[in-house]
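So the mapping is simple: our numbering equals the position in the sequence shown, first residue as 1, plus 148.
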Amino acid sequence: MAKEIWKGGTLVYPVPAVMVSCGDINGEKNIITVAWTGTINTNPPMAYISVRPERHSYNIIKESGEFVINLTTEDLAKACDYCGVKSGKDVDKFKEMNLTAAPASQVKCPIIYESPMNIECKVKQIVPLGSHDMFIADVVAVSVSDEYFDESGKFHFNASKPVCYSHGEYFGLGKSLGTFGYSVRKKPPVKKSKPVLKKDASKKDAPKKEKTSKPKKKPTFKKKKTKS
Ligand SMILES: Cc1cc2nc3c(=O)[nH]c(=O)nc-3n(C[C@H](O)[C@H](O)[C@H](O)COP(=O)(O)O)c2cc1C
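Right under this line is the structure:
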């Protein structure tokens, strides 16, 4: 295997693709899809989003000093993409994507009710970086959908089928490869049975649907010959 050298670029993938809601639930509100986002501190909990000043959402977030990071799921992938290609200047993205703007607990902007996790943020600092400004924020509250709790009260976020974004494509999570620290764990983990979520408890005995899917064409890769 040989390596090609490229000039510097934004190639840390996969990343989350989140829907950031902003504005005022009783006034102008909007949603912008953001991939340049993440956690930047545990205690106090802090997160960031990087937004280009030309986005319609930019001034809304700058003026209000608040935003909500709404995590996306496979069911929300289409809405997430739509909110990343259409501008709030031209369309009401809540309306077009049938998304519910619900009140947040600590900020004036709405949460997207359909998202399983809404992370409410208050801007602490704006760092101009070049193409994007980075909004560094305190996480002031988080709301989670109760359908992903099991009967013992444990929250199973991965059951919401989160989505990530890698090199221009959206993906689901795929299979679990291990849990935190599994590389050094002595005992093999006890095989967990699938949790019964509150939302599925009633469907437990329902007959299963058969799945049909078209086979997908896989890309072929050029393998360069190296001099021996
Ligand atoms: C997957 C994806 C990720 C994106 N990430 C960002 C981002 O991190 N920062 C940003 O400024 N724009 C990002 N965009 C582009 C904005 O979401 C897009 O320009 C949107 O239409 C802006 O909406 P607004 O004008 O209503 O604010 C992304 C778009 C997509 C589809």
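Yeah, the Cβ is synthetic: ideal placement off N, Cα and C, and Gly gets one too.
Note that this is a predicted model, so its numbers are computed, not measured.
Other residues of its chain near residue 192: CB distance less than 7 Å, five sequence neighbours each side excluded
Excluding its 5 nearest sequence neighbours in each direction, residue 192 has C-beta neighbours in its own chain below 7 Å: 286, listed in chain order.
Residue closest to residue 168, alpha-carbon to alpha-carbon, out of 159, 175, 174, 183:
183
heavy atom of ligand 1 below 8 Å from residue 161 C-beta
no
Where do the ends of the beta strand (DSSP E) carrying residue 281 lie?
281-292
Residue 194 bridges to which residues according to DSSP?
In the DSSP output, where bridge partners are listed per residue, residue 194 has 189, 286.
Rounded C-alpha distance that separates residue 313 from residue 300
As the crow flies, the alpha-carbon of residue 313 is around 32 Å from that of residue 300.
In three-state terms, what does DSSP make of residue 172?
coil
Between which two residues does the alpha helix (DSSP H) harbouring residue 242 extend?
241-244
Express the C-alpha separation of residue 216 and residue 234 in angstroms, rounding to a whole number.
19 Å
Comparing alpha-carbon positions, which option in 277, 181, 189 lies nearest residue 242?
181
Kindly examine ligand 1 and report whether one of its heavy atoms sits closer than 8 Å to the Cβ of residue 304.
no
Just list the alpha helix (DSSP H) runs in the segment 223-281, keeping only unbroken ones of 4 residues or longer that don't cross its boundaries, in chain order.
225-230, 241-244
Any chance the segment 158-165 sits against the segment 173-180, with 3 or more Cβ pairs inside 8 Å?
Between the segment 158-165 and the segment 173-180, the count of C-beta pairs closer than 8 Å stays below three; the two stretches do not touch.
Looking only at C-alpha atoms, which of 149, 204, 365, 209 sits nearest to residue 274?
209
Kindly indicate which three-state DSSP category residue 214 falls into: helix, strand or coil?
strand
Should residue 310 be labelled buried (16 or more other beta-carbon atoms within 10 Å of its own) or exposed?
buried
Could you tell me if residue 325 is buried or exposed, where buried requires 16 or more neighbouring beta carbons within 10 angstroms of its beta carbon?
exposed
DSSP has residue 207 in a bridge; who is on the other side?
Paired residues: none, contrary to the question.
Considering only residues of the same chain and omitting the five flanking positions on each side of residue 237, which have a CB-CB separation below 8 Å?
204
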